[in-house]
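Report on the following structure.
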Amino acid sequence: MSTVPLTLQARSPMKALPWAVPVALLLFALPQAIDPYKTILLAYGLVMGIAALGFNLLLGYTGLLSFGHSAYFGVGAYAVALIFKYFHVRSMELFLLGAILASLVVSALFGFVCVRYTRIFFGILTLALSQVLWSLAFKFYPITGGTDGLRVPTPTLLGLPLDTAGDKILFLARNYYYYVLGFFFACVLVMWVIVNSPFGKALQAIRDNETRAEFVGIHIRRYRFVAFLVSGVFTGIAGALWVPLNGLTTPDILYWPFSGEIVFMTVLGGFRTFSGPIFGAVVFNYLKTSAVGFTTYWQALLGAILVFLVLALPGGIVGTVVQLFPMLKKRFSR
Amino acid sequence: MDILVIHLFNALLYASVLFLIAGGLSLIYGVMRIVNLAHGNLYAFGAYVTAWVVGQALAGAHPVILYLLLPAGAFAAALLGAILEPTLLRPFYRRAEEYQLLVTFGLLMILEDLMRFFWGPYPLTATSLFEKMGSLKIGESVYPRYNLLVISIGVLAAGFLWAFVYKTRFGVVLRATSQDMRRASAMGVNVNRVYIQAFTIGCFMAGLGGAIVVPGQSAVLGMGVDALVLAFVVVVVGGLGSLEGALVGALIVGIVREFGVSVFPEVELAVLYLIAVVVLLVRPAGLFGRTA
């Protein structure tokens, strides 16, 4: 514990550019180099990256561990499916708008209840509330399709007609990948601004010392509530973007083990860093896909990795690299 | 009239099993301040072991022996708990609660697959135990006798646990550790030993819940994950760390669920979770909990 740097370093945007620009260019160029299947896998990773980024505003920056983020992801996804089912809309922008509104309403409702608590009770309460939604999606067969879920066809992007001649794989690996990438960049940018704003600093102050933060004049519950909202909406956007990739929404994404997966990927990447959750989400997605292909017992493999991470590398991938970097630098300059 | 009696029995049946699971979860939290997300899997483990043992012994064994084999799942779960606590959980007591949730979530994933590895993806049953006891006439209807056995085991377990915690020397040590671990340690209590004992008892209860449930239903993958959220509802309603609370919470959940299934089946689960939310809002520590 003591070896993990406790502060998320506030770097100026300029300092982040040397590695952010190459990563962005790589993400932009990659679909030309790898096959469509891998591109779609990467798109899944980026979508989950948005969810993990939203989740980490609560865990990493506000110090609240939510075990119910499946709720907002699921609300985003089901909003898309229901909009299509009842209004026969196929525009992705309208889908996203609906998902943002729906996740905003639900996270306002849940957040109002949850921010009264911290620590273990916050975790249990978020979990219990997410299960309310799961049981509704599970049981209201006429509306949600129960465990069959709801099918959603490929949407239109930016109002343009589909131009890949009905080839869904190509559509997802080209048009839709870049669409997701655009949203991904926007979300990262917005989150970057949020965590480096006075608001973001106040959240970190609350995380580090609640009593002191209150003495400084921070209205703790209101700040937590707003953080909860932002976190929920980010996760809702991810849920909406996830639907066209999967083509189907099922209650599984509302069930609490899915919340556990969001926690897992964030910890895997490192929740004490800004970029950790993003790396964690992409890596987790590859890890899970290859583990599923490699063994029936992929769950045990991932579980063992999680236990190992928490025991040996609580800083996650990025946290550990950041920690090792100065040490390496020192050794080489000697 | 007899319909009402049957509903009541069903509610008690459900409450008995839930009490065993949630009571174990609550005991562990009360003493060790750990919320074990893998607790439901110990319940599932108990169910699988009993179903397997009974299935192995079924050929030609005397019925009485089969019923004596019923608690095998409970002992197996207790043994598993006694192995897990010192190896996996002990390194985490000094760390933030978040890490404990994470490590037990990892454990949940591992245990789920271990059961798949040992017993395959198909349900495992021990229905012969359920059928051999026949059924009872209540007015115009019939009711399986086995369910009454489950209810009496639930009542007995609650009684034993109460006597154990409030009437024995070990119970005093347990409660002292729960109230103030450091002071108990200063008074010469071996806290590590108390922890392993409390965890083992908690796992034993969960395993017993699984063992008595399996003849009536069957052991399936995912049953632990389902049971855990309901156990959460129970402990949140009753108060995390309180055994009386687990009992009352289990009764409330059992009754609401039984009547919910027949009156408002669509929202039956949602109502349960909403009860938990309302209790958390009105009485954050639960009906019987100490103020946090």
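Which chain is which? The protein sequence lines are A and B, in order.
Counting with my numbering, you get residues 1416 to 1749 for the letters of the first sequence.
Counting with my numbering, you get residues 104 to 395 for the letters of the second sequence.
Using N, Cα and C, we set each Cβ at its ideal position, and we do this for glycine too.
If you're wondering where the values come from, they're calculated on a predicted model, not measured in any experiment.
**Study point:** Stretch-stretch touch, CB-based, cutoff 8 Å, three pairs: the segment 118-126 of chain B with the segment 190-207 of chain B
**Key:** Taking 8 Å as the limit for Cβ pairs, the verdict is that the segment 190-207 of chain B does not touch the segment 118-126 of chain B.
Practice item. Could you tell me whether the Cβ of I315/B comes closer than 8 Å to any Cβ of chain A? Key: Your numbering for residue 315/B matches position 212 in the second sequence. No - not a single Cβ of chain A is within 8 Å of the one on I315/B.
Practice item. Since I believe A1458/A is in contact with Y1592/A (beta carbons under 8 Å), could you give me their beta-carbon distance rounded to a whole number of angstroms? Key: Locating residue 1592/A in the first sequence gives position 177, counting from the first residue. Locating residue 1458/A in the first sequence gives position 43, counting from the first residue. Contact check for Y1592/A and A1458/A: beta-carbon distance about 5 Å, within the 8 Å limit, so the pair qualifies.
Exercise for review: Find the nearest neighbour of N1471/A within the set L1724/A, P1741/A, G1708/A, L1683/A, judged by alpha-carbon distance.
Suggested key: Counting from 1 along the first sequence, the entry for residue 1471/A is found at position 56. When each option's Cα is compared against that of N1471/A, the closest is L1683/A.
Check your understanding: Taking the C-alpha atoms as reference points, what is the distance between V297/B and L1544/A?
Key -> Start at 1 with the first residue of the second sequence, and residue 297/B comes out as number 194. Start at 1 with the first residue of the first sequence, and residue 1544/A comes out as number 129. Inter-residue distance for V297/B and L1544/A is about 34 Å (C-alpha atoms, whole angstroms).
Practice item. Give a yes or no on whether 8 Å exceeds the smallest Cβ distance from E361/B to chain A. Key: Reading the second sequence from its first residue, position 258 is the one you call residue 361/B. Answer no: the Cβ-Cβ gap between E361/B and chain A never drops below 8 Å.
Point to revise | Contact belief for T1681/A with G1695/A at Cβ below 8 Å, rounded distance in angstroms | key: The sequence position of residue 1681/A within the first sequence is 266, counting from 1. The sequence position of residue 1695/A within the first sequence is 280, counting from 1. Going by Cβ atoms, the distance from T1681/A to G1695/A rounds to 6 Å, so yes, they are a contact pair.
Exercise for review: Just the chain A side, please: which residues come within less than 7 Å of I213/B by C-beta, in chain order?
Suggested key: Residue numbering aside, residue 213/B sits at position 110 when the second sequence is read from its first letter. The contacting residues are A1715, G1718, A1719.
Check your understanding: In the structure shown, what three-state DSSP assignment does P1613/A receive?
Key -> Start at 1 with the first residue of the first sequence, and residue 1613/A comes out as number 198. Note: P1613/A maps to helix in three-state DSSP.
**Study point:** Same chain only: Cβ atoms within 8 Å of A1706/A, ignoring 5 sequence neighbours per side
**Key:** Here residue 1706/A corresponds to residue number 291 of the first sequence, with the count starting at 1. Here the set comprises W1713, L1716, L1717.
Point to revise | Cβ neighbours of L116/B in the same chain (closer than 7 Å, five flanking residues each side left out) | key: As a working note, residue 116/B is residue 13 in the second sequence. Taking L116/B as the centre and dropping the five residues before and after it, the same chain places the C-beta of N250, V253, I254 closer than 7 Å to its C-beta, in chain order.
Check your understanding: Is E188/B close to chain E, meaning its C-beta is less than 8 Å from at least one C-beta of that chain?
Key -> In the displayed structure, chain E is absent; the protein chains listed are A and B.
Exercise for review: Determine the extent of the beta strand (DSSP E) in which S244/B is found, giving its start and end residues.
Suggested key: Against the second sequence, residue 244/B aligns to sequence position 141. Where S244/B is concerned, the enclosing beta strand (DSSP E) stretches over 244-247.
Review point. Which residues mark the beginning and the end of the beta strand (DSSP E) in which S238/B is found?
Key: Taking the first residue of the second sequence as 1, we reach residue 238/B at position 135. Residue range 238-241 is occupied by the beta strand (DSSP E) that includes S238/B.
Exercise for review: Would you kindly report the start and end of the unbroken alpha helix (DSSP H) that includes P1659/A?
Suggested key: As a position in the first sequence, residue 1659/A is number 244, starting the count at 1. Counting along the chain, the unbroken alpha helix (DSSP H) around P1659/A starts and ends at 1635-1661.
Check your understanding: Would DSSP call T1569/A helix, strand or coil?
Key -> Indexing the first sequence from 1 puts residue 1569/A at position 154. Here T1569/A sits in coil by DSSP.
Point to revise | Where S345/B falls: helix, strand or coil (DSSP) | key: Position 242 of the second sequence, counted from the first residue, corresponds to residue 345/B. Three-state DSSP puts S345/B in coil, outside helix and strand.
Check your understanding: What is the residue span of the alpha helix (DSSP H) that P174/B lies within?
Key -> Here residue 174/B corresponds to residue number 71 of the second sequence, with the count starting at 1. It is not in any alpha helix (DSSP H) - P174/B carries neither H nor E in the DSSP assignment.
Exercise for review: Measure the CB-CB distance between P174/B and A301/B and report whether it falls below 8 Å.
Suggested key: Here residue 174/B refers to the residue found at position 71 of the second sequence. Here residue 301/B refers to the residue found at position 198 of the second sequence. A distance of 8 Å or more separates the beta carbons of P174/B and A301/B.
**Study point:** Rounded straight-line distance, which links the Cα of V1648/A to that of A1601/A
**Key:** On the first sequence, residue 1601/A is found 186 positions in, with the first residue counted as 1. On the first sequence, residue 1648/A is found 233 positions in, with the first residue counted as 1. Distance between the alpha carbons of A1601/A and V1648/A: 14 Å.
Check your understanding: Would you report the Cα separation of S1646/A and M326/B, rounded to the nearest angstrom?
Key -> For this step, residue 1646/A is matched to residue 231 along the first sequence. For this step, residue 326/B is matched to residue 223 along the second sequence. Taking the straight line joining both Cα atoms gives about 31 Å.
Review point. Can you tell which of A1517/A, T1626/A, W1657/A has its C-alpha closest to the C-alpha of R1566/A?
Key: In the first sequence, counting from the first residue as 1, residue 1566/A sits at position 151. The residue with the shortest Cα to Cα distance from R1566/A is W1657/A.
Check your understanding: Touch check for the segment 136-150 of chain B and the segment 212-232 of chain B: three-plus C-beta pairs under 8 Å?
Key -> Three or more Cβ pairs closer than 8 Å define a contact, and the segment 136-150 of chain B meets that threshold against the segment 212-232 of chain B.
Exercise for review: Taking Y1532/A as the query, report the chain B residues whose CB atoms sit under 8 Å from its CB, ordered along the chain.
Suggested key: On the first sequence, position 117 is the one that residue 1532/A refers to. Neighbours of Y1532/A on chain B, chain order: L383, P387.
Check your understanding: Do you know how far the Cα of R1589/A is from the Cα of S1518/A?
Key -> Counting from 1 along the first sequence, the entry for residue 1518/A is found at position 103. Counting from 1 along the first sequence, the entry for residue 1589/A is found at position 174. R1589/A has its alpha-carbon roughly 28 Å from the corresponding atom of S1518/A.
Exercise for review: Rank V338/B, T153/B, V339/B by C-alpha distance to the C-alpha of L172/B and give the top, closest one.
Suggested key: By 1-based counting over the second sequence, the position of residue 172/B is 69. Comparing C-alpha distances from L172/B to each of V338/B, T153/B, V339/B shows the shortest one belongs to T153/B.
Review point. Taking Cβ positions only, does V328/B come closer than 8 Å to chain A?
Key: To locate residue 328/B, count along the second sequence from 1; it is residue 225. Taking 8 Å as the threshold, the shortest C-beta distance from V328/B to chain A falls below it.
Review point. Taking the C-alpha atoms as reference points, what is the distance between F1499/A and R1505/A?
Key: In the first sequence, the residue the question calls residue 1499/A occupies position 84. In the first sequence, the residue the question calls residue 1505/A occupies position 90. Our two residues, F1499/A and R1505/A, have alpha carbons roughly 6 Å apart in a direct line.
Check your understanding: Excluding five sequence neighbours on each side, which residues of the same chain lie with their C-beta closer than 6 Å to the C-beta of F1525/A?
Key -> As a first step, residue 1525/A is located in the first sequence; it is residue number 110 there, counting from the start. Close CB contacts of F1525/A within its chain, under the 6 Å cut and outside five residues either way in sequence, are with L1544 (chain order).
Practice item. Starting from the Cα of S1674/A, find the closest Cα among A1496/A, A1486/A, Q1619/A, I1449/A and give me that residue. Key: What you label residue 1674/A is simply residue 259 of the first sequence in a count that begins at 1. A1486/A is the residue among A1496/A, A1486/A, Q1619/A, I1449/A whose C-alpha sits nearest the C-alpha of S1674/A.
Check your understanding: According to the neighbour-count rule (16 or more other Cβ atoms, all chains shown, within 10 Å of its Cβ), is E1676/A buried or exposed?
Key -> On the first sequence, residue 1676/A is found 261 positions in, with the first residue counted as 1. Classification for E1676/A: buried.
Point to revise | Neighbourhood of V364/B by C-beta distance below 7 Å, restricted to the same chain and skipping five residues each side | key: Sequence index remark: in the second sequence, residue 364/B carries index 261 (1-based). Hits under 7 Å: E371.
Exercise for review: Can you pull the chain B residues whose beta carbon is under 8 Å from the beta carbon of V1722/A, in chain order?
Suggested key: By 1-based counting over the first sequence, the position of residue 1722/A is 307. Here the neighbours are L191, V206, G209, L210, I213.
Exercise for review: Would you kindly check if the distance between the Cβ of R1622/A and the Cβ of G1478/A is under 8 Å?
Suggested key: The sequence position of residue 1478/A within the first sequence is 63, counting from 1. The sequence position of residue 1622/A within the first sequence is 207, counting from 1. A contact, by the Cβ cut-off of 8 Å.
**Study point:** For V340/B and L310/B, believed in contact at Cβ under 8 Å, the rounded distance
**Key:** Locating residue 310/B in the second sequence gives position 207, where the first residue counts as 1. Locating residue 340/B in the second sequence gives position 237, where the first residue counts as 1. Residue identity differs from the one stated: residue 310/B is Gly in this sequence, not Leu. The distance from the Cβ of G310/B to that of V340/B is about 23 Å, inconsistent with a contact at the 8 Å cut-off.
Practice item. Find the residues of chain B that neighbour G1538/A, judging by a C-beta separation of less than 7 Å, and give them in chain order. Key: In the first sequence, the residue the question calls residue 1538/A occupies position 123. Residues of chain B passing the Cβ test: L204.
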